[in-house]
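Numbering (our numbering), first residue to last: 9 to 210.
Pasting the structure below:
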(Lines of atoms letter the chains of each structure in order from A and count residues from 1; the text may use other names and numbers.)
(Lines give C-alpha, C1' and ligand atoms only; values in the text may rest on other atoms or scores of the structure.)
Protein backbone atom coordinates (compact mmCIF):
# COMPACT_ATOMS: atom_id res chain seq x y z
CA UNK A 1 0.00 0.00 0.00
CA UNK A 2 1.31 3.40 -1.01
CA UNK A 3 0.67 6.88 0.25
CA UNK A 4 -1.56 7.80 -2.69
CA UNK A 5 -3.92 4.88 -1.95
CA UNK A 6 -2.65 2.53 -4.63
CA UNK A 7 -2.26 -1.15 -3.71
CA UNK A 8 -0.01 -3.59 -5.58
CA UNK A 9 0.32 -7.37 -5.08
CA UNK A 10 3.45 -9.28 -6.11
CA UNK A 11 4.37 -12.97 -5.99
CA UNK A 12 7.63 -14.18 -4.37
CA UNK A 13 9.30 -14.24 -7.81
CA UNK A 14 9.04 -12.14 -10.94
CA UNK A 15 8.66 -8.42 -11.49
CA UNK A 16 5.10 -8.15 -12.82
CA UNK A 17 2.29 -7.34 -10.39
CA UNK A 18 -0.42 -10.03 -10.29
CA UNK A 19 -3.09 -7.60 -9.14
CA UNK A 20 -3.36 -3.94 -8.25
CA UNK A 21 -5.77 -1.14 -7.51
CA UNK A 22 -4.91 2.39 -8.67
CA UNK A 23 -5.84 5.51 -6.70
CA UNK A 24 -8.09 7.03 -5.52
CA UNK A 25 -9.24 4.19 -3.27
CA UNK A 26 -10.94 3.51 0.06
CA UNK A 27 -9.20 0.83 2.14
CA UNK A 28 -10.99 -1.21 4.82
CA UNK A 29 -9.00 -3.48 7.19
CA UNK A 30 -10.65 -6.09 9.43
CA UNK A 31 -10.30 -9.70 10.61
CA UNK A 32 -12.33 -12.62 9.34
CA UNK A 33 -12.03 -16.31 10.35
CA UNK A 34 -8.46 -15.85 11.57
CA UNK A 35 -7.34 -13.90 8.47
CA UNK A 36 -6.40 -10.28 8.13
CA UNK A 37 -8.84 -8.96 5.53
CA UNK A 38 -8.03 -5.94 3.39
CA UNK A 39 -10.69 -4.59 1.05
CA UNK A 40 -9.59 -1.96 -1.46
CA UNK A 41 -12.43 -0.13 -3.21
CA UNK A 42 -12.07 1.99 -6.32
CA UNK A 43 -15.19 4.01 -6.99
CA UNK A 44 -14.78 5.00 -10.66
CA UNK A 45 -14.95 2.59 -12.30
CA UNK A 46 -16.33 0.45 -9.48
CA UNK A 47 -13.75 -2.22 -8.61
CA UNK A 48 -13.19 -4.16 -5.39
CA UNK A 49 -9.95 -5.94 -4.48
CA UNK A 50 -10.11 -8.34 -1.50
CA UNK A 51 -6.91 -9.57 0.13
CA UNK A 52 -6.77 -12.29 2.81
CA UNK A 53 -3.52 -12.63 4.79
CA UNK A 54 -2.91 -15.76 6.86
CA UNK A 55 0.30 -14.65 8.57
CA UNK A 56 2.64 -11.66 8.58
CA UNK A 57 6.38 -12.30 8.38
CA UNK A 58 7.41 -8.68 8.10
CA UNK A 59 5.63 -5.36 8.35
CA UNK A 60 7.18 -2.09 7.26
CA UNK A 61 5.72 1.37 7.46
CA UNK A 62 7.43 4.57 6.48
CA UNK A 63 7.49 7.53 4.16
CA UNK A 64 9.32 6.90 0.91
CA UNK A 65 10.82 9.91 -0.82
CA UNK A 66 11.11 9.98 -4.61
CA UNK A 67 13.69 12.62 -5.44
CA UNK A 68 15.87 10.79 -7.97
CA UNK A 69 15.86 10.76 -11.75
CA UNK A 70 14.62 7.54 -13.38
CA UNK A 71 16.47 6.07 -16.33
CA UNK A 72 15.41 2.89 -18.09
CA UNK A 73 17.49 0.69 -20.35
CA UNK A 74 16.31 0.10 -23.87
CA UNK A 75 17.83 -1.85 -26.74
CA UNK A 76 17.73 -1.84 -30.54
CA UNK A 77 14.75 -4.21 -30.56
CA UNK A 78 12.73 -1.67 -28.56
CA UNK A 79 13.81 1.01 -31.01
CA UNK A 80 12.63 -1.16 -33.91
CA UNK A 81 9.25 -1.81 -32.26
CA UNK A 82 8.76 1.91 -31.74
CA UNK A 83 9.56 2.75 -35.36
CA UNK A 84 7.40 -0.08 -36.73
CA UNK A 85 4.51 1.34 -34.68
CA UNK A 86 5.32 4.95 -35.56
CA UNK A 87 7.24 5.28 -38.86
CA UNK A 88 6.87 9.05 -38.58
CA UNK A 89 9.78 8.90 -36.13
CA UNK A 90 11.87 8.63 -39.30
CA UNK A 91 9.93 11.35 -41.14
CA UNK A 92 6.39 12.25 -42.12
CA UNK A 93 4.69 9.88 -44.59
CA UNK A 94 7.47 7.32 -44.25
CA UNK A 95 6.37 3.71 -44.88
CA UNK A 96 8.05 0.52 -43.68
CA UNK A 97 7.95 -2.23 -46.32
CA UNK A 98 10.36 -4.82 -44.87
CA UNK A 99 11.50 -5.79 -41.39
CA UNK A 100 15.11 -6.88 -41.95
CA UNK A 101 16.46 -7.78 -45.37
CA UNK A 102 19.60 -9.40 -46.69
CA UNK A 103 21.61 -6.99 -48.82
CA UNK A 104 25.11 -7.10 -50.23
CA UNK A 105 27.30 -6.39 -47.23
CA UNK A 106 25.00 -7.70 -44.51
CA UNK A 107 21.47 -7.56 -43.14
CA UNK A 108 19.77 -4.18 -42.85
CA UNK A 109 17.27 -3.60 -40.02
CA UNK A 110 14.44 -1.94 -41.95
CA UNK A 111 13.57 -1.14 -45.53
CA UNK A 112 11.10 1.64 -46.27
CA UNK A 113 9.89 4.20 -48.78
CA UNK A 114 9.65 7.95 -48.39
CA UNK A 115 6.69 9.99 -49.62
CA UNK A 116 8.25 10.12 -53.10
CA UNK A 117 8.59 6.33 -53.31
CA UNK A 118 12.36 6.37 -52.82
CA UNK A 119 13.72 3.11 -51.41
CA UNK A 120 15.35 3.72 -48.02
CA UNK A 121 17.60 1.46 -45.94
CA UNK A 122 17.34 2.12 -42.21
CA UNK A 123 19.93 0.91 -39.70
CA UNK A 124 19.12 1.06 -35.99
CA UNK A 125 21.68 1.55 -33.24
CA UNK A 126 21.67 2.63 -29.61
CA UNK A 127 24.65 4.85 -30.33
CA UNK A 128 25.43 6.24 -33.75
CA UNK A 129 29.17 5.64 -33.85
CA UNK A 130 31.56 5.43 -36.80
CA UNK A 131 31.27 1.65 -37.02
CA UNK A 132 27.50 1.96 -37.47
CA UNK A 133 27.94 4.67 -40.12
CA UNK A 134 30.38 2.52 -42.11
CA UNK A 135 28.01 -0.44 -41.79
CA UNK A 136 25.19 1.58 -43.36
CA UNK A 137 27.54 2.73 -46.13
CA UNK A 138 28.36 -0.93 -46.92
CA UNK A 139 24.65 -1.62 -47.39
CA UNK A 140 23.95 1.40 -49.59
CA UNK A 141 27.10 1.47 -51.76
CA UNK A 142 26.44 -1.68 -53.89
CA UNK A 143 22.96 -0.44 -54.82
CA UNK A 144 24.28 2.95 -55.87
CA UNK A 145 27.20 1.34 -57.69
CA UNK A 146 24.74 -0.60 -59.84
CA UNK A 147 22.84 2.58 -60.68
CA UNK A 148 20.06 2.21 -58.13
CA UNK A 149 18.61 5.14 -56.23
CA UNK A 150 18.48 4.61 -52.49
CA UNK A 151 18.57 6.61 -49.29
CA UNK A 152 20.41 5.43 -46.19
CA UNK A 153 19.35 6.57 -42.72
CA UNK A 154 21.10 5.75 -39.46
CA UNK A 155 18.79 5.98 -36.43
CA UNK A 156 20.17 6.28 -32.89
CA UNK A 157 19.61 8.12 -29.64
CA UNK A 158 22.87 10.00 -29.98
CA UNK A 159 25.78 10.29 -32.39
CA UNK A 160 29.48 10.33 -31.62
CA UNK A 161 31.69 13.19 -32.76
CA UNK A 162 32.42 13.20 -36.48
CA UNK A 163 29.75 10.65 -37.41
CA UNK A 164 27.28 13.19 -38.77
CA UNK A 165 30.02 14.68 -40.95
CA UNK A 166 30.94 11.21 -42.30
CA UNK A 167 27.29 10.46 -43.09
CA UNK A 168 26.79 13.77 -44.87
CA UNK A 169 29.94 13.40 -46.98
CA UNK A 170 28.75 9.96 -48.13
CA UNK A 171 25.21 11.08 -48.94
CA UNK A 172 23.69 9.38 -45.92
CA UNK A 173 21.32 10.73 -43.27
CA UNK A 174 20.70 10.43 -39.56
CA UNK A 175 17.77 10.64 -37.20
CA UNK A 176 17.92 11.08 -33.44
CA UNK A 177 15.18 9.19 -31.59
CA UNK A 178 15.25 9.82 -27.86
CA UNK A 179 14.94 7.22 -25.13
CA UNK A 180 11.78 8.77 -23.70
CA UNK A 181 10.07 8.56 -27.11
CA UNK A 182 10.85 4.84 -27.44
CA UNK A 183 9.86 3.95 -23.88
CA UNK A 184 6.62 5.94 -24.09
CA UNK A 185 5.57 3.98 -27.18
CA UNK A 186 6.60 0.64 -25.61
CA UNK A 187 4.64 1.38 -22.42
CA UNK A 188 1.51 2.34 -24.37
CA UNK A 189 1.83 -0.84 -26.42
CA UNK A 190 2.09 -2.98 -23.27
CA UNK A 191 -0.93 -1.26 -21.67
CA UNK A 192 -3.00 -1.85 -24.80
CA UNK A 193 -1.95 -5.51 -24.89
CA UNK A 194 -2.95 -6.00 -21.22
CA UNK A 195 -6.25 -4.23 -21.88
CA UNK A 196 -7.04 -6.49 -24.85
CA UNK A 197 -6.06 -9.59 -22.88
CA UNK A 198 -8.83 -8.71 -20.44
CA UNK A 199 -11.47 -9.53 -23.07
CA UNK A 200 -12.36 -13.19 -23.39
CA UNK A 201 -13.32 -14.25 -26.91
CA UNK A 202 -15.91 -17.02 -26.94
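A virtual CB, placed ideally from N, CA and C, is assigned to each residue, including glycine.
Helix, strand or coil at residue i according to DSSP, with G and I counted as helix
| i | result |
| --- | --- |
| residue 98 | coil |
| residue 18 | coil |
| residue 64 | coil |
| residue 109 | strand |
| residue 169 | coil |
| residue 25 | coil |
Alpha-carbon spacing of residue i relative to residue j, whole angstroms
| i | j | result |
| --- | --- | --- |
| residue 64 | residue 53 | 31 Å |
| residue 23 | residue 149 | 45 Å |
| residue 127 | residue 121 | 5 Å |
| residue 159 | residue 180 | 7 Å |
| residue 163 | residue 119 | 13 Å |
| residue 32 | residue 15 | 10 Å |
| residue 144 | residue 189 | 23 Å |
| residue 146 | residue 101 | 26 Å |
| residue 135 | residue 104 | 22 Å |
Segment limits, beta strand (DSSP E) that includes residue i
| i | result |
| --- | --- |
| residue 47 | 43-50 |
| residue 119 | 114-121 |
| residue 162 | 159-164 |
| residue 72 | Segment: none, residue 72 is in no beta strand (DSSP E) and carries neither H nor E. |
| residue 34 | 34-40 |
Span of the alpha helix (DSSP H) around residue i
| i | result |
| --- | --- |
| residue 134 | Premise fails: residue 134 is in no alpha helix (DSSP H) and is neither H nor E. |
| residue 88 | 84-93 |
Rounded Cβ spacing between residue i and residue j (contact assumed at less than 8 Å)
| i | j | result |
| --- | --- | --- |
| residue 133 | residue 84 | 6 Å |
| residue 117 | residue 88 | 6 Å |
| residue 97 | residue 141 | That pair is no contact at about 19 Å. |
| residue 35 | residue 13 | 7 Å |
CB contact below 8 Å: residue i versus chain C
| i | result |
| --- | --- |
| residue 166 | This model lacks chain C altogether, as it is built from one protein chain only. |
Inset, instruction - Report yes or no: do the stretch 183-195 and the stretch 89-101 share at least 3 C-beta pairs separated by less than 8 Å? - result: Counting C-beta pairs closer than 8 Å gives three or more between the stretch 183-195 and the stretch 89-101, which meets the contact rule.
Inset, instruction - Decide if the stretch 149-162 is in contact with the stretch 110-127; the criterion is three or more beta carbon pairs, one per stretch, under 8 Å apart. - result: Cβ pair count under 8 Å is three or more, so yes.
Legend entry - Contact between the stretch 127-138 and the stretch 42-50 (3+ Cβ pairs under 8 Å): No, because fewer than three Cβ pairs between the stretch 127-138 and the stretch 42-50 fall closer than 8 Å, the two stretches do not touch.
Legend entry - Any 3 or more C-beta pairs closer than 8 Å across the stretch 66-73 and the stretch 167-179: No contact exists between the stretch 66-73 and the stretch 167-179.
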